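Asker:
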Ligand SMILES: Cc1cc2nc3c(=O)[nH]c(=O)nc-3n(C[C@H](O)[C@H](O)[C@H](O)COP(=O)(O)O)c2cc1C
Ligand code: FES
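Protein chains in written order, with our numbering: chain A, 1234 to 1388; chain B, -14 to 599.
The structure is reproduced here in structure tokens:
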């Protein structure tokens, strides 16, 4: 994969090369590539003047950052308490079956990743899932499949 | 804005405009809850339809933050009558425009129906869900477009800031907050005025921080305040900064709350443009600015020292609290951290006066509290009530009780640090002190209702699993304690529990409460401890009888159709994905346990309660 270093520099500039903003820089990079390509670690280390180990430390501590490639569509099933008692597990089962991957996995064509997240703040509409930035609420085993169908490649 | 009088002049002209406007106002909730049910589509069609029916210039639509009644979304309120429509589908929109906006009549099918009296209620004020609330913090949401600073100013916004800048000395502000009795809404309930005073007392570059990490799964009031009324938090922080003498503030908000981040970013930009942030605010000589930092989805980062480490760009690991953050916090400087809702209370206190504020609530817990009422309850949503309101009032009168004729079993309060409260304590008033008497806490306001179909062992297991993932791993008692607890609970839920498991759980819990490094570990055993206290029989059923009475732990139950109760309606057989149910119409059906995967669909759809958990 080609890395557009100019874009990365722009992101860093947005925050003014403050090492304190490392996490936000990593999150913004993830918006472009769906993950943080590890080849960027030495580059960031030099630009922000911080150790590579700290970058790895931060990238692995927080759940919003991944060093492994993720699908174009991130399907997040809320497994927060409110959704749990309303049957979030059943949505996860149905999605695992439908996408043919396990929780935490990514489809081979890099279209979908499936993960469980802890509460996305739509508890009243539970159980809910998000697909990238779209939220779908009040789902059950069958409506959850309808809600992800629209993201699938046609044909 | 140059100075105080230009702000006052601006507010006056905005209010005059509002009062003289002849346009009808529609307040359409665009909070995350309604959004998940499709507000976007409703809005789009509404715009088209107004255009089509020639009303576009007679109606003003406000896309607002959360109104609280998320269960009924998407919802709108039509002014001036305050007609309340809920569960609006895109195809209802033409009728709303034609019938209500054009002809001034009501679309009955969109009204809320009171389950008790079966009456259709026209306005918000008549609906029990709203009638029993006191919405000090949340009440303005329906009148404010969160992306408009002018809307906030119109609703008397930034008046508290004016008072703090020009009419009061920093000490007076702190005294006012002390008098109000405000206590931290982030869970701990520490008196806010005392915290401010201690921080102001220490020398250095003082910081004020807003904790918008909202880690309690099942609670979303902080999100809704930030999304719906971001300026109230900004104003609170400016007032706090004046009182404490801080020049720089931070808002630490979860990356998972994109709308909150967006609205907050816009609000900060606008506040800066208006001269409420930056140098020499309103020509008072006071400087203060705010920055957003997006956290990365770690529960432990809600803890104060971990949050500050995270703000510094490091992994969010807590420190032992030998040194208090009010003395040595962010960048080793004196730091005052408060929760979102705490900050949002500050302008309200300055506007209404501390004495009047202190009249609300109980002796030691003042003001209102917003609860996220979710789970197995009819009216889910955000509920703001005076401190001291009983659990029963919140769950049954406001929340409408338990859906589908099921029975109440417990309410979980305080999130992963809290506990499960059984029916016998429902008349307790909820405040900082009352719930801790029965082993739980009020916490940040999560209130998850559980019914007969919720397994308490599974819930305890759920929280331990959550906390095991979220433990930062630094200290042994928390890291290993949670792991061992989870192993035991997993075993119990799988049907492999043994005599002696319960005492070991109790012992582990005590050890963690005593020896963990931070609040995550010391409070982590609470869900297990309280469920053992009140629902020991369920644990024993799992361990001794190998039964899960609630029908959740799959290895420990099976379904059976009660031939006497079954009317042969065929619904379960139609819905069963495994074709495990057979039977003729109007004759009792039979379920084949060899085929059944225990998905529970038949149990949920049966209208006659004929599917039994065995
Ligand atoms: C594990 C843990 C998680 C916490 N999470 C939050 C949180 O998500 N939001 C919050 O405001 N406070 C949280 N707190 C409490 C904070 O440490 C702190 O007490 C609070 O933000 C102070 O603000 P307040 O006095 O206004 O409540 C948490 C504490 C612990 C121990
Ligand atoms: S628990 Fe699922 S959105 Fe909060």
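The C-beta atom is built at its ideal place from N, Cα and C for all residues, glycine as well.
In this text, all values refer to a predicted model and were calculated from it rather than measured experimentally.
Residues bridged to residue 405 of chain B by DSSP?
Answerer: For the purposes of this step, residue 405 of chain B is taken as the residue at position 420 of the second chain. B:397, per the DSSP bridge assignment.
Asker: Please state the DSSP three-state secondary structure of residue 15 of chain B.
Answerer: By 1-based counting over the second chain, the position of residue 15 of chain B is 30. Residue 15 of chain B falls in the coil class under three-state DSSP.
Asker: Spell out the partners DSSP gives residue 120 of chain B in its beta bridges.
Answerer: Working through the second chain from its first residue, we reach residue 120 of chain B at position 135. Bridge partners of residue 120 of chain B: none, in fact.
Asker: Taking DSSP as the reference, what is the three-state secondary structure of residue 332 of chain B?
Answerer: Indexing the second chain from 1 puts residue 332 of chain B at position 347. If DSSP states are grouped into helix, strand and coil, residue 332 of chain B belongs with the helices.
Asker: Counting only Cβ-Cβ distances shorter than 8 Å, please list the residues of the segment 1343 to 1371 of chain A near chain B, keeping chain order.
Answerer: 1350, 1351, 1352, 1353, 1354, 1355, 1356, 1357, 1358, 1359, 1361, 1366, 1368, 1369, 1370 and 1371
Asker: Once you ignore the five residues that flank residue 56 of chain B on each side, which residues in its own chain have a CB closer than 7 Å to its CB?
Answerer: Counted from its first residue, the second chain places residue 56 of chain B at position 71. Cβ neighbours of residue 56 of chain B beyond the five flanking positions: 364, 365 and 366.
Asker: Any beta carbon of chain B sitting closer than 8 Å to that of residue 1255 of chain A?
Answerer: The sequence position of residue 1255 of chain A within the first chain is 22, counting from 1. For residue 1255 of chain A, the answer is yes, since a Cβ of chain B falls inside 8 Å of its Cβ.
Asker: Near residue 541 of chain B, which residues of its chain fall below 7 Å by C-beta distance, leaving aside the five closest residues on each side in sequence?
Answerer: In the second chain, residue 541 of chain B corresponds to position 556, counting from 1. These residues qualify, in order along the chain: 480, 527, 531, 532 and 533.
Asker: What are the start and end residues of the alpha helix (DSSP H) that includes residue 1345 of chain A?
Answerer: Translated into the one-based positions of the first chain, residue 1345 of chain A becomes position 112. Counting along the chain, residue 1345 of chain A sits inside no alpha helix (DSSP H); it lies in the beta strand (DSSP E) bounded by residues 1345 to 1350.
Asker: Residue 1366 of chain A by DSSP, collapsed to three states: which one?
Answerer: In the first chain, residue 1366 of chain A corresponds to position 133, counting from 1. Note: residue 1366 of chain A maps to coil in three-state DSSP.
Asker: Taking the beta carbon of residue 1250 of chain A as the centre, do at least 16 other beta carbons fall within 10 Å, making it buried, or is it exposed?
Answerer: Position 17 of the first chain, counted from the start, is the residue given in the question as residue 1250 of chain A. Label assigned to residue 1250 of chain A: exposed.
Asker: Expressed to the nearest angstrom, what Euclidean distance is found between the alpha-carbon atoms of residue 1384 of chain A and residue 1326 of chain A?
Answerer: If you number the first chain from 1, residue 1384 of chain A lands on position 151. If you number the first chain from 1, residue 1326 of chain A lands on position 93. Whole-angstrom Cα-Cα distance: 19 Å.
Asker: Identify the continuous alpha helix (DSSP H) that holds residue 486 of chain B and give its terminal residues.
Answerer: Indexing the second chain from 1 puts residue 486 of chain B at position 501. Residue 486 of chain B -> alpha helix (DSSP H) spans 486 to 500.
Asker: Here's the rule: buried if 16 or more other CB atoms are within 10 angstroms of the residue's CB, otherwise exposed. What is residue 1295 of chain A?
Answerer: Counted from its first residue, the first chain places residue 1295 of chain A at position 62. The Cβ neighbour count for residue 1295 of chain A, taken over all protein chains shown within 10 Å, is at least 16; the residue is labelled buried.
Asker: Please determine whether the Cβ atom of residue 171 of chain B lies at a distance below 7 Å from any heavy atom of ligand 1.
Answerer: Mapped onto the second chain, residue 171 of chain B falls at position 186. Yes - ligand 1 has a heavy atom lying nearer than 7 Å to the Cβ of residue 171 of chain B.
Asker: Regarding residue 1361 of chain A and ligand 2, is the C-beta to nearest heavy atom distance less than 7 Å?
Answerer: Stepping through the first chain from its first residue, residue 1361 of chain A is reached at position 128. Yes, ligand 2 has a heavy atom inside 7 Å of this Cβ.
Asker: Inspect the CB distances between the segment 285 to 302 of chain B and the segment 194 to 206 of chain B and report whether three or more fall short of 8 Å.
Answerer: yes
Asker: Consult DSSP for residue 1307 of chain A and reduce its assignment to one of helix, strand or coil.
Answerer: Taking the first chain and counting its residues from 1, one reaches residue 1307 of chain A at position 74. Assignment of residue 1307 of chain A by DSSP, reduced to helix, strand and coil, places it in the strand class.
Asker: Which same chain residues, not among the five before or five after residue 452 of chain B, have their C-beta less than 6 Å away from its C-beta?
Answerer: As a first step, residue 452 of chain B is located in the second chain; it is residue number 467 there, counting from the start. Once the five neighbours on either side are set aside, the close Cβ partners of residue 452 of chain B are 401, 467 and 509.
Asker: Would you say residue 1295 of chain A lies against chain B (beta-carbon separation less than 8 Å)?
Answerer: Position 62 of the first chain, counting from 1, holds the residue named residue 1295 of chain A. Yes, because at least one Cβ of chain B sits closer than 8 Å to the Cβ of residue 1295 of chain A.
Asker: Under DSSP, the beta strand (DSSP E) around residue 322 of chain B begins and ends at which residues?
Answerer: Translated into the one-based positions of the second chain, residue 322 of chain B becomes position 337. First-last of the beta strand (DSSP E) with residue 322 of chain B: 320 to 324.
Asker: Counting only C-beta atoms, is residue 550 of chain B closer than 8 Å to chain A at any point?
Answerer: The residue you call residue 550 of chain B lines up with position 565 of the second chain. No, residue 550 of chain B does not count as interfacial toward chain A.
Asker: On the CB-based measure, 16 or more other CB atoms within 10 Å of its CB, does residue 1271 of chain A come out buried or exposed?
Answerer: Here residue 1271 of chain A refers to the residue found at position 38 when the first chain is read from its first residue. Its Cβ having fewer than 16 others within 10 Å, residue 1271 of chain A is exposed.
Asker: Rounded to whole angstroms, what is the Cα-Cα separation between residue 1378 of chain A and residue 393 of chain B?
Answerer: Within the first chain, the letter at position 145 stands for residue 1378 of chain A. Within the second chain, the letter at position 408 stands for residue 393 of chain B. Residue 1378 of chain A and residue 393 of chain B: Cα-Cα distance of roughly 31 Å.
Asker: If I follow the unbroken alpha helix (DSSP H) through residue 178 of chain B, where does it start and stop?
Answerer: Taking the second chain and counting its residues from 1, one reaches residue 178 of chain B at position 193. Looking at the DSSP string, the run of the alpha helix (DSSP H) that includes residue 178 of chain B is 177 to 186.
Asker: Taking only beta-carbon positions, decide if residue 451 of chain B is within less than 8 Å of chain A.
Answerer: On the second chain, residue 451 of chain B is found 466 positions in, with the first residue counted as 1. With 8 Å as the cut-off, residue 451 of chain B counts as an interface residue toward chain A.
Asker: How about residue 1352 of chain A and residue 189 of chain B: are their beta carbons less than 8 Å apart?
Answerer: Taking the first chain and counting its residues from 1, one reaches residue 1352 of chain A at position 119. Taking the second chain and counting its residues from 1, one reaches residue 189 of chain B at position 204. No, the pair does not count as a contact, with Cβ atoms beyond the cut-off.
Asker: Tell me whether residue 467 of chain B counts as near ligand 1, meaning its Cβ is closer than 7 Å to at least one heavy atom of that ligand.
Answerer: For this step, residue 467 of chain B is matched to residue 482 along the second chain. No, the beta carbon of residue 467 of chain B sits no closer than 7 Å to any heavy atom of ligand 1.
Asker: Cβ of residue 178 of chain B less than 8 Å from any chain A Cβ?
Answerer: The residue you call residue 178 of chain B lines up with position 193 of the second chain. No, its Cβ sits nowhere closer than 8 Å to a Cβ of chain A.
Asker: Can you tell me whether DSSP reads residue 195 of chain B as helix, strand or coil?
Answerer: The residue given as residue 195 of chain B occupies position 210 in the second chain. Three-state result, residue 195 of chain B: strand.
Asker: Report yes or no: is there a C-beta of chain B within less than 8 Å of the C-beta of residue 1323 of chain A?
Answerer: The residue you call residue 1323 of chain A lines up with position 90 of the first chain. Judged by the 8 Å Cβ criterion, residue 1323 of chain A is in contact with chain B.
Asker: Is residue 235 of chain B helix, strand or coil by DSSP?
Answerer: Position 250 of the second chain, counted from the start, is the residue given in the question as residue 235 of chain B. Strand, per DSSP.
Asker: Quick one: is the Cβ of residue 1356 of chain A within less than 7 Å of any heavy atom of ligand 3?
Answerer: Looking at this structure, you won't find ligand 3 anywhere; what it does contain is ligand 1 and ligand 2.
Asker: Residues in the segment 344 to 368 of chain B with C-beta within 7 Å of chain A's C-beta atoms, listed in sequence order?
Answerer: 357, 359, 360, 361, 365 and 366
Asker: Ligand 1 heavy atoms versus the CB of residue 1297 of chain A: any closer than 7 Å?
Answerer: As a working mapping, residue 1297 of chain A is identified with position 64 in the first chain. Result no, Cβ not under 7 Å from ligand 1.
Asker: Does the distance between the C-beta of residue 348 of chain B and the nearest non-hydrogen atom of ligand 1 fall short of 7 Å?
Answerer: In the second chain, residue 348 of chain B corresponds to position 363, counting from 1. Because no heavy atom of ligand 1 lies under 7 Å away, the Cβ of residue 348 of chain B does not count as near it: no.
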